[in-house]
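J.:
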Amino acid sequence: MAASGVGRATLRVALAGPPNTGKSTVFNFLTGLSQHVGNWPGKTVERKTGTCQRGDTDFFFVDLPGSYSLTANSLEEEIARDYIIREQPDVVAVVVDASSLERNLYLVCELWELGVPLVVVLNMMDVADGQGLRVDPQALESALGVPVVPTVAARGEGVSELLDAVQAVAFGEARALRPPPPTSAAVQALVESLDDMVPSDLAISYPRRWALVKLLEGDRAIVGAMKKALSTNGWRGVNSFLRLHDDAILEIAGARYEWVAETSQRVAHRLERERVPLGERADRILTHPVGGVLAFLGVVAAIFWTMFSLGTPLQERLDEWLVQGSAEWLESTLEGAPDRLVSLLADGVIGGAGLVLTFVPILAILFLALALLEDLGYMARAAFVMDRFMHLIGLRGKSFLPLFLGFGCNVPAILGSRIVESPSARLTTILVAPLMPCAARMVVVALFTGAFFGGAAALVSWGMVTVNLAVLALMALLLSRFVFRGEEAAFVMELPRYHAPNWRTVLMATWQRVRAFVVLAGTAILAMSLVVWALSNFPGDNIEDSILGVVGRGLEPIGGLVGLDWQMIVALMTSFVAKENTIATLGVVLGAGEGDVNLSTQLTQIMVPAAAVAFIAVQMLFIPCVASVAAIRRETQSWRWTGFAIGYMLGISFAVGIIIYQVARLMGWGV
Amino acid sequence: MLRRLLALIAGRQGVVSYDELARELGVSRALVEQLVADLLRSGCLRMAIDECVVEGCTSCPLHSSCSLPGGVRLWELTDKGRRWLAEPQTAPPR
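So the protein lines, in turn, are chains H and Z. Okay, so the first sequence: first residue is 1 according to the numbering used here, each after it adds one. Okay, so the second sequence: first residue is 672 according to the numbering used here, each after it adds one.
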């Protein structure tokens with residue numbers, strides 16, 4: 001305190017507090033236009049000071065950088081701490097957010113321990129009230145023994161009372177500080193041992209006992225100061241002691257947190273249960289072990305329903321316009337041209353890659369839904385719930401994250417498995433990742449369920465995905481139980497907060513995914529369509545005698561087990577290049593680009609529903625695409641394991657296909 | 672409380688969220704965030720996933736359909752954290 005004229009006193013007041021507590025609002029309200037902005041000496045951090053007068057007192061305020069504690073974890077925290085300790089202001093007014101007491105009281109506890117003249121400013125009382133929190137300033141005042149002033153600085157409420165409290169503390173009217181909670185006996189013993197090791201006349205610019213506690217907490221600035229002040233031998237002894245007791249921070253900071261939790265519960269009460277934030281209420285369901293899984297299945301079902309109710313009609317229109325319309329236009333434009341050329345363009349290009357493009361609306365809805373859910377913050381919850389599922393099937397550790405990637409595409413799922421440290425768990429993850437139902441497979445599922453099951457298409461698709469996941473679970477269970485044993489591990493997941501979707505981000509993500517699909521259709525799928533067209537047209541005029549026909553009919557006995565004729569088997573084989581090729585190949589061999597009948601109708605004419613549902617199962621579990629196989633080889637560095645992945649998926653796909661075909665026939669779907 | 676949180680994490684299998692830890696400790700999520708930050712600073716926890724999750728995806732023609740949930744951060748216990756739990760040099764208060 002300084003005299004600033006006849007009968008006047010100047011009080012130096014440090015405004016401390018964590019970030020975002022309204023500290024600057026308090027400062028601005030108090031100082032108005034009398035502010036000075038500069039930098040802290042030798043630092044690039046902004047220093048704001050200001051004054052105000054009241055009666056015979058001049059107040060000089062220093063707005064300290066935001067800090068959560070007195071441990072110098074950042075430059076800002078170091079500046080705030082050093083000002084309070086070295087400059088010794090007349091009063092430290094610590095501003096806390098009343099709506100987030102638990103987050104803010106740690107600093108109050110440390111200032112209280114330090115024994116500085118303290119006033120607690122309980123700001124943002126209106127926000128706390130809006131959240132249904134009743135904060136009792138008297139209870140906090142009783143707990144601390146220092147003045148606690150409730151304020152709403154944005155409206156200037158309580159600011160006058162704050163100046164009263166500052167004056168009372170500065171002039172000794174309210175300095176009856178209660179002693180802070182006692183430190184544990186173990187910590188006290190450590191402090192005493194350190195006290196014996198450090199010479200009593202050591203020159204450091206911090207309160208001795210406080211510095212010894214901070215030393216035990218591993219505070220870098222205090223450690224540095226002590227190292228500088230002590231002799232080499234003296235520091236060696238202290239340092240050995242600190243290293244032996246490097247876990248002391250758990251006790252010291254842990255005790256403060258216990259006080260913070262206990263005090264917050266005593267001071268703040270939630271008035272209305274329904275005021276629990278919406279995000280917290282949503283998480284209670286969406287991350288619940290059972291509720292979360294049911295919610296996830298519900299979300300998947302809703303996506304399918306939207307895909308079929310909105311996407312399928314659009315796909316059919318596009319099919320009429322792009323495939324049928326283009327075929328008619330070609331026929332009239334190329335009248336008189338060689339038949340082979342017309343066939344190449346109509347069957348190979350339009351009937352193949354063009355047909356695949358008609359599925360853009362269905363995929364766009366799928367991608368839009370995924371992007372929307374991700375932007376909302378739901379996908380992180382789905383991944384969290386997925387870990388529970390993975391745990392049940394023996395996949396522990398980080399496997400859930402790469403596997404989750406598989407919903408988009410299996411390749412990043414396989415590549416992402418490298419985050420799994422245990423070699424056995426990593427190999428299991430790589431081997432089951434191709435069983436995740438990727439977006440490309442969804443296109444084929446959409447075609448077949450739409451063609452055969454009409455209004456029940458969404459339900460059948462959902463059922464097939466569930467069967468797919470069940471097979472993945474069984475395979476992972478078998479591998480982890482009998483082949484590889486993964487170790488237990490625990491992780492803490494920080495889930496992002498829910499927020500309203502940013503439509504620009506959502507639409508951009510959707511557009512990028514749709515564009516990637518269109519590029520794929522125009523390159524790899526188009527190339528494969530042309531190869532399939534060539535193989536189905538040479539030699540001879542009859543497709544049955546072509547190379548494709550001969551190979552396909554050679555494999556027909558295998559297809560017969562699941563009710564599939566040779567065209568379906570050939571379509572399945574070409575999905576090795578990319579899963580969407582199934583559609584392109586069917587378009588080419590069934591001549592989708594030739595007549596008035598679309599592919600869906602043609603399929604219902606050549607196969608029964610039992611065969612269709614079996615085909616979907618085989619397609620979903622069939623050997624992975626060539627990009628996935630390359631990824632498996634790269635990650636396992638083994639042709640043996642790559643061969644194993646191909647072999648077991650081939651075996652499982654047909655085994656499940658046969659079972660489903662037979663069960664479906666028994667259900668009357670065989671006619 | 673830091674030791675209690677450390678023990679809670681070590682005793683779990685699989686992934687645990689801030690909300691679950693908050694419920695078990697009887698505190699708010701905000702306080703758990705602060706406790707986790709302290710455990711990170713003291714070296715008891717470390718980040719469990721890094722950039723390699725997305726590295727190499729460009730070889731996939733549908734890499735842009737990758738659906739790794741954004742904003743997820745995963746922490747795991749370190750050897751130091753396990754050691755501090757198993758062999759406390761500063762005994763917890765009785």
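Ideal placement from N, C-alpha and C gives every residue a C-beta, glycine not left out.
Taking the CB atoms as reference points, tell me whether residue 395 of chain H and residue 416 of chain H lie closer together than 8 Å.
T.: No.
J.: Please list the partners that residue 254 of chain H has in chain Z, where partner means a Cβ-to-Cβ separation under 7 Å.
T.: Within chain Z, the residues near residue 254 of chain H are 672, 673 and 674.
J.: By Cβ distance, which residues of its chain are closer than 8 Å to residue 209 of chain H, with the 5 residues on each side in sequence left out?
T.: Correct list, in chain order: 191 and 195.
J.: Could you name the residues that DSSP lists as bridge partners for residue 688 of chain Z?
T.: Its beta-bridge partners are H:493.
J.: For residue 746 of chain Z, count neighbouring C-beta atoms within 10 Å of its own C-beta (all shown protein chains included) and say buried if the count is 16 or more, exposed if not.
T.: Looking at its Cβ environment, which holds 16 or more other Cβ atoms inside 10 Å, residue 746 of chain Z is buried.
J.: Is the beta carbon of residue 260 of chain H sitting closer than 8 Å to the one on residue 121 of chain H?
T.: Cβ atoms of residue 260 of chain H and residue 121 of chain H: not closer than 8 Å.
J.: Note down, in chain order, every chain H residue with its Cβ under 9 Å from the Cβ of residue 690 of chain Z.
T.: Result: 280, 283, 284, 287 and 495.
J.: Would you mind stating whether residue 163 of chain H and residue 54 of chain H have Cβ atoms separated by less than 8 Å?
T.: Yes, Cβ-Cβ distance for residue 163 of chain H and residue 54 of chain H is below 8 Å.
J.: In the DSSP assignment, what are the bridge partners of residue 61 of chain H?
T.: For residue 61 of chain H, which the question treats as bridged, DSSP gives the partners H:13 and H:50.
J.: What residues from the region 228-253 of chain H come within 8 Å of chain Z, judged by C-beta to C-beta, listed N to C?
T.: If the cut-off is 8 Å between Cβ atoms, the region 228-253 of chain H has 244, 245, 246, 247, 248, 249, 250, 251 and 253 near chain Z.
J.: Anything in chain H within Cβ reach of residue 681 of chain Z, meaning under 9 Å, just list it in chain order.
T.: Here the neighbours are 490.
J.: Taking only runs of the alpha helix (DSSP H) that begin and end inside the region 370-427 of chain H, which ones reach a length of at least 4 residues, in chain order?
T.: For the region 370-427 of chain H, whole alpha helix (DSSP H) runs of length 4 or above, ordered along the chain, are 378-392, 400-405 and 410-416.
J.: Which partner residues does residue 460 of chain H have in the DSSP bridge list?
T.: For residue 460 of chain H, which the question treats as bridged, DSSP gives no partner whatsoever.
J.: So which residues on chain Z does residue 100 of chain H lean against when the C-beta distance must stay under 7 Å?
T.: By Cβ distance, chain Z contributes 701.
J.: Nearest-angstrom Cα distance between residue 705 of chain Z and residue 525 of chain H?
T.: The straight-line gap from Cα to Cα measures roughly 52 Å.
J.: Count the other CB atoms, across all protein chains shown, that sit within 10 Å of the CB of residue 335 of chain H; report buried if there are 16 or more and exposed otherwise.
T.: By the 10 Å Cβ count, residue 335 of chain H comes out exposed.
J.: At what residue ranges does the region 469-540 of chain H contain a whole run of the beta strand (DSSP E), taking only runs of 3 or more?
T.: You should have 490-494.
J.: Taking only beta-carbon atoms, is residue 747 of chain Z less than 8 Å away from chain H?
T.: So, interface residue.
J.: Residues of chain Z with a CB under 8 Å from the CB of residue 391 of chain H: which are they?
T.: Within 8 Å Cβ-Cβ: 684 and 685.
J.: On a CA-only basis, which of H:548, H:41, H:566 and H:449 is nearest residue 530 of chain H? Give me that one, please.
T.: Ranking the options by Cα distance to residue 530 of chain H, first place goes to H:548.
J.: Could you work out which residue in H:371, H:287, H:517 and H:508 is closest to residue 443 of chain H when comparing CA atoms only?
T.: Ranking H:371, H:287, H:517 and H:508 by Cα distance to residue 443 of chain H puts H:517 first.
J.: Mind checking who residue 451 of chain H pairs with in its DSSP beta bridge?
T.: Paired residues: none, contrary to the question.
J.: Chain A partners of residue 136 of chain H, CB-CB under 8 Å?
T.: Included in the structure are the protein chains H and Z, with no chain A among them.
J.: Count Cβ pairs between the region 577-593 of chain H and the region 353-372 of chain H that sit closer than 8 Å; are there 3 or more?
T.: Cβ pair count under 8 Å is three or more, so yes.
J.: Going by DSSP, what residue range makes up the alpha helix (DSSP H) through residue 259 of chain H?
T.: Its alpha helix (DSSP H) spans residues 248-267.
J.: Does the Cβ-Cβ distance between residue 17 of chain H and residue 96 of chain H come in under 8 Å?
T.: Yes.
J.: Check residue 131 of chain H in the structure and name its three-state DSSP category.
T.: It is coil, neither helix nor strand.
J.: Excluding five sequence neighbours on each side, which residues of the same chain lie with their C-beta closer than 7 Å to the C-beta of residue 141 of chain H?
T.: Cβ neighbours of residue 141 of chain H beyond the five flanking positions: 147 and 148.
J.: Considering only residues of the same chain and omitting the five flanking positions on each side of residue 431 of chain H, which have a CB-CB separation below 6 Å?
T.: Only 645 meet the Cβ criterion.
J.: So, does the CB of residue 657 of chain Z fall closer than 8 Å to a CB anywhere in chain H?
T.: The structure shown does not extend to residue 657 of chain Z, since chain Z is modelled only from 672 through 765, so no value can be given for it.
J.: Please state whether the Cβ-Cβ distance between residue 166 of chain H and residue 93 of chain H is less than 8 Å.
T.: The answer is yes: Cβ separation under 8 Å.
J.: Reducing DSSP to helix, strand and coil, say where residue 661 of chain H ends up.
T.: Reduced to three states, the DSSP call for residue 661 of chain H is helix.
J.: Are the CB atoms of residue 117 of chain H and residue 159 of chain H nearer to each other than 8 Å?
T.: No.
J.: Would you identify the three-state DSSP class for residue 607 of chain H, choosing helix, strand or coil?
T.: It is coil, neither helix nor strand.
J.: Please list the partners that residue 76 of chain H has in chain Z, where partner means a Cβ-to-Cβ separation under 9 Å.
T.: Per Cβ cutoff of 9 Å: no residues; residue 76 of chain H is ~15 Å from chain Z at best.
J.: Given a cut-off of 8 Å on the beta-carbon distance, is the pair residue 406 of chain H and residue 496 of chain H in contact?
T.: Not a contact, by the Cβ cut-off of 8 Å.
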